[in-house]
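J.:
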Amino acid sequence: MPALPLPIPDDFFRLPQLSTEEADRYRAFGHASIRDLVEVAKLKDGSVDWSLRSKTATTSIYEGRHDNAPIFLARTEIEATLEDAIAVFFTTTVEATRRLRADSSHSF
39 MPALPLPIPD
49 DFFRLPQLST
59 EEADRYRAFG
69 HASIRDLVEV
79 AKLKDGSVDW
89 SLRSKTATTS
99 IYEGRHDNAP
109 IFLARTEIEA
119 TLEDAIAVFF
129 TTTVEATRRL
139 RADSSHSF
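Note that the sequence shown covers residues 39 to 146 in the working numbering.
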């Protein structure tokens, strides 16, 4: 396999055109997935019993079990607004992500 050029080209990821029905289906799947993620990630009163495994000044690592498989959760703090964090997930191209990072005063 040939090595990828770094940095990757702006057009490296090409998104397919989706029909309205496909977009709606993916959107519904995303909403259900985020609800599941929030429930699993709750450290207290969630669906997983988390145990602290490691802690530093900036990061905590927890271990739990879900569907009889080990899972891990890392918790840290970043300097960003909620809008900054959301914006990362709305970029759809490498170029847009690079532009967002260049325009941001935060390093995320």
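Even glycine gets a Cβ: it sits at the ideal position worked out from N, Cα and C.
1) Enumerate in chain order the residues of its own chain whose CB-to-CB distance from residue 85 is below 8 Å, with the five nearest sequence positions on each side excluded.
2) Taking the CB atoms as reference points, tell me whether residue 87 and residue 102 lie closer together than 8 Å.
3) With a Cβ-Cβ cutoff of 8 Å, do residue 48 and residue 114 count as a contact?
4) By DSSP, does residue 117 sit in helix, in strand, or in coil?
5) Could you tell me how far apart the beta carbons of residue 120 and residue 100 are, in whole angstroms, since I believe they sit closer than 8 Å?
T.: If we stick to the structure as given:
1) For the purposes of this step, residue 85 is taken as residue 47 along the sequence shown, with counting starting at 1. Excluding positions up to five away in sequence, the list reads 77, 78, 104.
2) If you number the sequence shown from 1, residue 87 lands on position 49. If you number the sequence shown from 1, residue 102 lands on position 64. In contact: residue 87 and residue 102 (Cβ atoms closer than 8 Å).
3) Working through the sequence shown from its first residue, we reach residue 48 at position 10. Working through the sequence shown from its first residue, we reach residue 114 at position 76. In this structure, residue 114 does not lie closer than 8 Å to residue 48 by Cβ.
4) As a position in the sequence shown, residue 117 is number 79, starting the count at 1. Note: residue 117 maps to coil in three-state DSSP.
5) In the sequence shown, the residue the question calls residue 120 occupies position 82. In the sequence shown, the residue the question calls residue 100 occupies position 62. Contact annotation, residue 120 with residue 100: C-beta distance approximately 23 Å; criterion of less than 8 Å not satisfied.
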